[in-house]
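For the record, in the sequence shown the residue sitting at position 725 is 1620 according to my numbering, with numbers rising by one throughout.
Ideal Cβ positions, reconstructed from N, Cα and C, are used throughout, including at glycine.
Here the structure is a predicted model, which is why all the values come from computation and not from measurement.
See below for the structure under consideration.
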Amino acid sequence: METLAIKRTAQIGSSVLYDTEDETYCLDTIPLEWSGIGKGDYRNTPAELKMPDGTYTTDFSYQNHEVMDGCISMETLPSAYGSAEECRTLTLLLKDESNRVTLLLYYTVYEKTDVITRRAVLMNDNERTLTIRKLMSMQVDLPNDAFRIITFDGGWIKEAHRHERPVTYGTFVNSSTTGDSSNRHNPGFLLAVDGADETRGNIYGFNLVYSGNHYGAVELSNHDLARVCMGINPHCFEWTLKQSERFETPEAVMSFSSEGFNGLSAHFHDFVNQHIVRGDWQGKERPVLINNWEAHFFKFTRGKLLRLARRAKKVGIELFVLDDGWFGKRNDDHAALGDYTVNRRKLPRGLSEFSQRIHRMGMRFGLWFEPEMVNSDSDLYRAHPEYALNTPGKTPALGRNQLVLDLCDPQVRDYIVAKVTHILDTCAIDYVKWDYNRHISDACSPCLTDQGEFFHRYQLGLYDVLTRIFRGRPHILFESCSSGGNRFDLGMLCFSPQIWSSDDTDPIERLRIQGGLSYLYPLSTMGAHVSEAPHQQTLRDTPLTTRFNVAAFGCLGYELDLKYLSYVQRREIRGQIAFYKQHRNLLQYGRFYRGETEKNNKVMWHCVAEDQSTAITGFYQMQASASEGFDRLRLMGLATHQRYSLSTHPQSLFIKRFGALVKHILPVMLNPEGFILRMANRYYNLTDCVETYTGYGEALMSSVPLNNQFIGSYYNKHIRLLGDFGSNLYIIKVAPETETKAEVAN
Ligand code: GLA
């Protein structure tokens, strides 16, 4: 211990001593498990408390500790779970004696997934009240290793983009103030030691089991200690603890890997799959779905829906999701949120009949709700305007034409539970998409005497509603959504096994979004759909194959009107779904690696089965560049001494993509816009180049040079036709030792 401990053999100028007996004992310059205010540590404090004696000085000192098998579940918040065999918990009891205030620090060690969770509980034993202005879930002080901090930031349709910067003197804060965990800054972040990359080097990872305003900070002190704090954002937060009351902070999640970002992600992925996601869908393969939103928006009839469902069934889709617009007078986003009674104009025979009809077609049925919101043009608002958030004397601010319901109010929560459960129990519903399409404003509830409690009470209200609706209905697959990934966090994942990652389904954007999320969350949690091209938000025109090749690394769905697809496109989709189902377990639960490439216009993703017998690699080209050097496929995660076969997953090339260039491949000149080629495009397609190799894992991981890409000089069937936004999937399978195919040149 002495070897590893920070030494203090000199008194440091301008320091304040904790103990006058010891001239070197200064809290400001040593790593601490927990700190406070008023005793000489001037770094970012984990707690700002107005103590029962009216001061801000705290001095929590160790009293005792206890170690037990298993974890201790929380009273007010969702948290990770694990059996007595899977985890052990250390509880430290600290006391500020003069104030009679107790602080409990919990550490649960999940050894197999290499994760430690931490949280704090504060208890007031004093007859005088105490006010919490800030109380973090954890603090950790680390010696600086030329850290870089990696955060996942963005906004609507550009969620979870990875950003990286050096940790320098001062405090860097990664937080949200929107009332939700937000698409601006995901609560999870990483600290990378200088030189670390995807496969090598030391990485520390942090995340929070919480869906509200979060705060994560890294402060580099003048003595080169990096203090990491994480917890509820103190922004607008004030909580009073009366005698014998306690306050629980959300659970923070920490991990470390010496195997780079991929190593760290592996810990987080296993942890989420095994200790966060729960219920019937934990570890289960997710169905392939069709969502009617981008096909119809608000304009649909029963007939239209059934036609979409029939086409979906034919291509192998397993779950039909009816999105927004099925209730009240919901014909656009100005009205009817809050009125969850079926719109009989659109569904004249009702929702129950419709859900059964879908079931009779052999598919499951899913339904969209946005229960936390209300439009002022709604029966609910007309009857109960007081249910919506507003600050007295001020006109409430709208977001997407809607107001937020007051989830601090038990009556509002009862209303939501009653409305939603009535539908769930009277219709045949297997899946719920729970949306939340704006940030919170006018944060004020008449149910609270102290509005400093509002943001946290809202979350407690949300978790209460979700528990009451979903805990007793574990068969329902719950997909959380918040204008896409505005609430992609571990708190929601305790209820919803999957989350709609983004409203942006453009595959090139998704490489950044799903790629960013993959640092913190497993593929089994990411909703990923194939939609129209040109894309509705970016106007980018991408091949159907690339749209699938990206969405396949997640929970696959389709979100487009299948009616407008040609015969060959529908056939391609049928093939995509069959392929996905065959490899679904691998693509949702396999070990995921972000690949490394020396070219910045390429992305590679790899999914490897636990037993290393099968793997799938995605190779994506963003902007094509003329006459590029070799592309090399550098596989990951294979067994070094195992022999494998590697082959391109066959996919179609649609004639239309080539415009007048078809002259290169046809013996006759045809008008690219003419009848013959238009018809040909509907019924015929070309097959992309297929490459097949065998080799030992070690060789394949050292990199496989691929065939040349098309560069306009010549065409034959061994040329890869990628262009802008082209991609391929490769399947890697264990091969018998005797097989003799083109050996991979090492
Ligand atoms: C949000 C969601 C979309 C869709 C619409 C419906 O934008 O993210 O997927 O459900 O709401 O209004």
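The ligand GLA heavy atom lying under 7 angstroms from the CB of residue i
{"i": "N1226", "result": "no"}
{"i": "C1376", "result": "yes"}
{"i": "D1398", "result": "yes"}
{"i": "W1263", "result": "yes"}
{"i": "D1219", "result": "yes"}
{"i": "W1188", "result": "yes"}
{"i": "G1379", "result": "yes"}
{"i": "W1395", "result": "yes"}
{"i": "D1330", "result": "yes"}
Span of the beta strand (DSSP E) around residue i
{"i": "N1019", "result": "V1010 to N1019"}
{"i": "Y937", "result": "Per DSSP, Y937 belongs to no beta strand (DSSP E) and is neither H nor E."}
{"i": "D991", "result": "C982 to D991"}
{"i": "L1275", "result": "Premise fails: L1275 lies in the alpha helix (DSSP H), D1274 to A1278, not in any beta strand (DSSP E)."}
{"i": "S1540", "result": "R1538 to T1543"}
Range of the contiguous alpha helix (DSSP H) that encloses residue i
{"i": "P1402", "result": "P1402 to L1412"}
{"i": "P1305", "result": "P1305 to T1321"}
{"i": "K1053", "result": "Segment: none, K1053 is in no alpha helix (DSSP H) and carries neither H nor E."}
{"i": "F1132", "result": "It is not in any alpha helix (DSSP H) - F1132 carries neither H nor E in the DSSP assignment."}
{"i": "V1004", "result": "No alpha helix (DSSP H) holds V1004; the beta strand (DSSP E) holding it covers V996 to Y1005."}
{"i": "Q1354", "result": "F1349 to F1365"}
{"i": "I1571", "result": "F1570 to Y1578"}
{"i": "Y1484", "result": "R1479 to Y1484"}
{"i": "L1284", "result": "No alpha helix (DSSP H) contains L1284, which DSSP labels as neither H nor E."}
{"i": "E1374", "result": "Note, E1374: premise wrong, no alpha helix (DSSP H); beta strand (DSSP E) at L1372 to S1375."}
{"i": "G1386", "result": "L1385 to L1388"}
DSSP state of residue i mapped onto helix, strand, coil
{"i": "S1160", "result": "helix"}
{"i": "N1168", "result": "helix"}
{"i": "A1640", "result": "Model confidence at A1640 stands at a pLDDT of 44, short of 50, so the residue's coordinates are unreliable; what they give is reported in the following sentence. Correct three-state label for A1640: coil."}
{"i": "L1262", "result": "strand"}
{"i": "G1257", "result": "coil"}
{"i": "K1458", "result": "helix"}
{"i": "G1155", "result": "helix"}
{"i": "M946", "result": "coil"}
{"i": "Y1625", "result": "strand"}
{"i": "L1201", "result": "helix"}
{"i": "N959", "result": "strand"}
{"i": "T1440", "result": "helix"}
{"i": "R1615", "result": "strand"}
{"i": "E1248", "result": "helix"}
{"i": "P1600", "result": "strand"}
{"i": "E1467", "result": "helix"}
{"i": "D1301", "result": "coil"}
{"i": "G1235", "result": "Per the sequence shown, the amino acid found at residue 1235 is Tyr instead of Gly. Looking at Y1235 - three-state DSSP - the assignment turns out to be coil, as it is neither helix nor strand."}
{"i": "I1185", "result": "strand"}
{"i": "G1174", "result": "coil"}
Beta-carbon spacing of residue i, residue j below 8 angstroms
{"i": "V843", "j": "F1142", "result": "In the structure as shown, the chain starts at 896 and stops at 1641, and residue 843 therefore has no counterpart that could be examined."}
{"i": "G1158", "j": "L1214", "result": "no"}
{"i": "Y1416", "j": "I1371", "result": "no"}
{"i": "F1448", "j": "G1379", "result": "no"}
{"i": "G1452", "j": "G1422", "result": "yes"}
{"i": "I1052", "j": "D1619", "result": "no"}
{"i": "P941", "j": "M1018", "result": "no"}
{"i": "S1340", "j": "C1389", "result": "no"}
{"i": "V1315", "j": "I1364", "result": "yes"}
{"i": "V1010", "j": "V1216", "result": "no"}
{"i": "K1029", "j": "P1129", "result": "yes"}
{"i": "E1427", "j": "W1395", "result": "no"}
Cross-strand partners of residue i (DSSP beta bridge)
{"i": "Y1610", "result": "For Y1610, which the question treats as bridged, DSSP gives no partner whatsoever."}
{"i": "I1646", "result": "Residue 1646 falls outside the range modelled here, since the chain spans only 896 to 1641, and no answer is possible."}
{"i": "G1422", "result": "W1395 and C1450"}
{"i": "Q1034", "result": "C1124"}
{"i": "I1098", "result": "A1087 and S1152"}
{"i": "Q1507", "result": "DSSP lists no partner for Q1507."}
{"i": "L1581", "result": "L1548"}
{"i": "W964", "result": "Checking the sequence shown, residue 964 turns out to be Asp, not Trp. R983, per the DSSP bridge assignment."}
{"i": "M1499", "result": "F1514"}
{"i": "N1081", "result": "BP columns for N1081 are empty, so no partner."}
{"i": "T1026", "result": "K945 and T1135"}
{"i": "R1489", "result": "W1500"}
{"i": "G1380", "result": "S1377"}
Distance cut-off 7 angstroms: residue i Cβ against heavy atoms of the ligand ADP
{"i": "G1083", "result": "The ligand ADP is not among the ligands present in this structure, which contains only the ligand GLA."}
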